[in-house]
Amino acid sequence: KLGEHTDAVLAPGFAWANARSTAADWPHSGHVAPASRRTGPLADLRVIEVTANWAGPIGGRHLADLGADVIKIELATKPATRGLVTVADDLWPDHFNRSAYFNKLNRNKRTVCVDLSKPEGKAIFLKLIERADAVIENNAARVMKNLGLDYEALAAVNPELVMCSMAGYGSTGPERNYSAYGSNIETSSGLASLLGYDSRQYFGTGTFYADPVTGNHGAVAVLAALHGRRRTGRGQWIDMALLEAVGPFFAQPFLEYAVSGELPRPRANRSPDFSPQNVYPSFGKDCWLALTVEADGQWPALCGVIGRPDLAADLALRTIEGRQARSAEIDAAIRAWSATLDHNHAATALQAAGVPAAPVMANWEIVMDNHLNERDFFVAIQHPEAGTHRFPGYPWRFQGTPPPASMPAPMFAEHNQDVFGSLLGLSAREIAALYAKGVTSAAPIYAVGPSL
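Each residue of the sequence shown is one higher than the last, beginning at 37 in my numbering.
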């Protein structure tokens with residue numbers, strides 16, 4: 037029930053999975069990186085990450101941002117998301133270390149290059165599993181099983197291991213072998229059928245929400261499973277699907293269809309409950325203003341700001357139903373006003389009058405936004421080859437635990453020696469043999485140029 041466990045959770049003796057833990061709480065804590073490297077509330081955890089693109093890396097980044105020792109496995113012939121950079125006429129060396137996509141999603145992690153399809157690579161991976169608390173992977177459902185590294189195999193090596201798999205359609209069912217990105221999921225889930233201006237113009241979100249939402253769910257699920265491990269002494273496998281993660285984004289249309297039997301249609305930026313609600317052009321090139329009127333009292337305030345007291349005096353427009361019936365006329369009046377103003381100034385004027393409004397920001401505006409910067413939303417991270425860039429910070433604030441100092445995303449194979457030698461105890465000769473056999477590499481090997 038709502039609030040049923042509030043008192044228990046807030047009690048001083050509640051055993052949080054990630055707070056005030058000692059090294060003895062975690063079975064592999066003796067193998068973690070030096071204390072100087074790990075400072076967050078998950079400093080005694082080790083996570084092995086076999087991921088690419090967005091969903092898996094953001095899940096691992098959340099854990100790394102909390103202090104976990106996240107070791108990322110990369111493949112030389114398919115460097116995970118490092119290829120998303122144009123290299124034609126690129127005079128800079130080691131372009132693969134300057135991929136903004138990779139560097140954004142992989143801070144605070146270590147990385148090694150290991151070919152898991154080779155027996156020696158598999159042996160290296162299993163040695164890491166012996167010393168790990170969790171594994172995160174977002175490959176197609178068949179990949180880890182085909183490598184002989186599915187949860188059954190890993191749990192045989194480490195029964196306390198928590199594994200989180202994030203495939204497009206999960207690991208069971210008739211669609212399990214289909215590969216997917218967030219873009220595919222927007223169509224197969226039905227989300228794209230609701231995005232557009234009408235039933236003839238459909239659009240994707242442009243952001244592919246299934247990826248980050250699945251990664252967020254995965255990070256929380258791993259923490260929950262580790263919390264459960266404290267009680268049972270055993271790990272578990274978490275089977276996630278991007279398809280399921282995006283479902284809650286349009287639960288209401290599903291409910292509407294179940295009740296009415298009518299298929300929901302795209303309604304552009306309009307709302308079934310508020311009016312007017314839309315995005316309006318403002319002064320400048322491709323500049324826009326978003327606003328909504330949620331209560332009848334906000335309607336005369338809007339009319340006053342845009343200089344249309346005649347609309348406020350119109351009795352037929354004093355209800356939402358009345359304004360919805362004349363939405364085209366109202367939109368034209370708002371556009372005539374908004375087109376003459378910068379969207380920031382227009383939003384400020386509306387907010388001052390009590391009308392919900394905001395500028396639609398370009399990416400450079402977001403980085404400069406006072407509201408976000410006053411709250412330390414961005415963190416500046418210095419990368420030895422990519423330079424200093426500002427990235428989104430941490431989606432949480434702890435009362436007693438400051439955020440860790442952010443390490444830049446690792447360069448390719450940066451921690452080979454550290455992990456193979458210091459952590460796994462391989463000799464210099466054994467490490468040299470891994471290079472000679474192609475099990476590892478110091479740089480990516482592009483066969484046909486960078487790609488996903």
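Even for Gly, the Cβ is constructed at its ideal location relative to N, Cα and C. This structure is a prediction, so every number in the text was calculated from the model and none was measured.
Open item on the list: Rounding to the nearest angstrom, what Cα-Cα distance links residue 456 and residue 407 in this structure?
Closed with: 45 Å
Open item on the list: Distance check for residue 375 and residue 115, CA to CA, integer angstroms please.
Closed with: 46 Å
Open item on the list: With H, G and I counted as helix, E and B as strand and the rest as coil, what does DSSP make of residue 317?
Closed with: strand
Open item on the list: Looking only at its chain, what residues have a beta carbon closer than 7 Å to the beta carbon of residue 318, apart from the 5 residues adjacent to it on each side?
Closed with: 324, 325, 374, 375, 377, 378, 379, 382
Task: Straight-line gap, residue 269 to residue 76 (C-alpha atoms, nearest Å) - done: The alpha-carbon of residue 269 is positioned some 23 Å away from that of residue 76.
TODO: Indicate whether the contact test is met: 3 or more Cβ pairs, each with one atom in the segment 88-101 and one in the segment 166-176, closer than 8 Å.
DONE: yes
Open item on the list: Could you tell me the alpha carbon to alpha carbon distance between residue 398 and residue 37, rounded to whole angstroms?
Closed with: 42 Å
Open item on the list: According to DSSP, simplified to helix, strand and coil, what is residue 247?
Closed with: helix
Task: Distance between residue 321 and residue 22 (C-alpha atoms, nearest Å) - done: Because the chain is modelled from 37 through 488, residue 22 falls outside the range shown and cannot be assessed.
Task: Endpoints, the beta strand (DSSP E) within which residue 478 is located - done: DSSP places residue 478 in no beta strand (DSSP E); its state is neither H nor E.
Open item on the list: When you compare the CB positions of residue 451 and residue 146, do they come within less than 8 Å of one another, or not?
Closed with: yes
Task: DSSP bridge partner residues for residue 490 (one or two, in chain order) - done: Outside the shown range of the chain, which is 37 to 488, sits residue 490, and nothing can be said about it.
- [ ] Using DSSP bridges, identify the partner residues of residue 198.
- [x] Per the DSSP secondary-structure output, residue 198 pairs in a beta bridge with 170.
Task: Meets three-Cβ-pair contact criterion under 8 Å: the segment 404-423 and the segment 435-451 - done: yes
Task: Burial state of residue 101 (16 or more Cβ within 10 Å) - done: buried
TODO: Tell me whether residue 208 sits in a helix, a strand or coil according to DSSP, three-state version.
DONE: coil
Task: Nearest-angstrom beta carbon gap, residue 255 and residue 95 [assumed within contact, 8 Å] - done: 5 Å
Task: Contact the segment 296-310 vs the segment 242-251: 3+ CB pairs below 8 Å - done: no
Open item on the list: Among the candidates 358, 253, 353, 471, whose CA atom is the shortest distance from the CA of residue 275?
Closed with: 253
Task: For residue 323, three-class secondary structure by DSSP - done: coil
Open item on the list: Buried or exposed, going by whether 16 or more other CB atoms sit within 10 Å of the CB of residue 108?
Closed with: buried
Task: Length at least 4, wholly inside the segment 225-299: the alpha helix (DSSP H) runs in chain order - done: 246-268, 278-282, 287-296
Task: For residue 152, the nearest candidate out of 438, 165, 140 (CA to CA) - done: 165
TODO: In angstroms with no decimal places, state the Cα-to-Cα distance between residue 231 and residue 393.
DONE: 21 Å
Open item on the list: Suppose contacts are defined by Cβ-Cβ distances below 8 Å. Is residue 234 in contact with residue 314 by that definition?
Closed with: Not closer than 8 Å, so no.
- [ ] Pick out whichever of 78, 370, 150, 359 has its Cα sitting closest to the Cα of residue 144.
- [x] If we check each option's Cα against that of residue 144, 78 comes out closest.
- [ ] Taking residue 135 as the reference, give the member of 150, 117, 158 with the closest Cα.
- [x] Relative to the Cα of residue 135, the nearest Cα in the group 150, 117, 158 belongs to 117.
Task: Bridge partner(s) assigned by DSSP for residue 105 - done: 82
Task: Span separating the alpha-carbon of residue 193 from that of residue 200 - done: 16 Å
Task: Helix, strand or coil at residue 111 according to DSSP, with G and I counted as helix - done: Strand, per DSSP.
Task: Completely contained alpha helix (DSSP H) runs for the segment 443-472, where each covers 4 or more residues - done: 464-472
- [ ] Mind reading off the beta-carbon distance from residue 220 to residue 242? Whole number of angstroms is fine, and I expect it under 8 Å.
- [x] About 14 Å separates the two Cβ atoms, so there is no contact after all.
Open item on the list: In the DSSP assignment, the beta strand (DSSP E) including residue 329 goes from what residue to what residue?
Closed with: Run containing residue 329: none; DSSP gives neither H nor E here.
TODO: Tell me whether residue 477 is buried or exposed, calling it buried when 16 or more other Cβ atoms sit within 10 Å of its Cβ.
DONE: Looking at its Cβ environment, which holds 16 or more other Cβ atoms inside 10 Å, residue 477 is buried.
TODO: Starting from residue 148, follow the beta strand (DSSP E) in both directions and report where the run begins and ends.
DONE: 145-149
Open item on the list: Pop quiz: residue 187 and residue 273 are said to be a contact at Cβ under 8 Å. What is the actual Cβ separation, rounded to whole angstroms?
Closed with: Right, their Cβ atoms sit about 4 Å apart.
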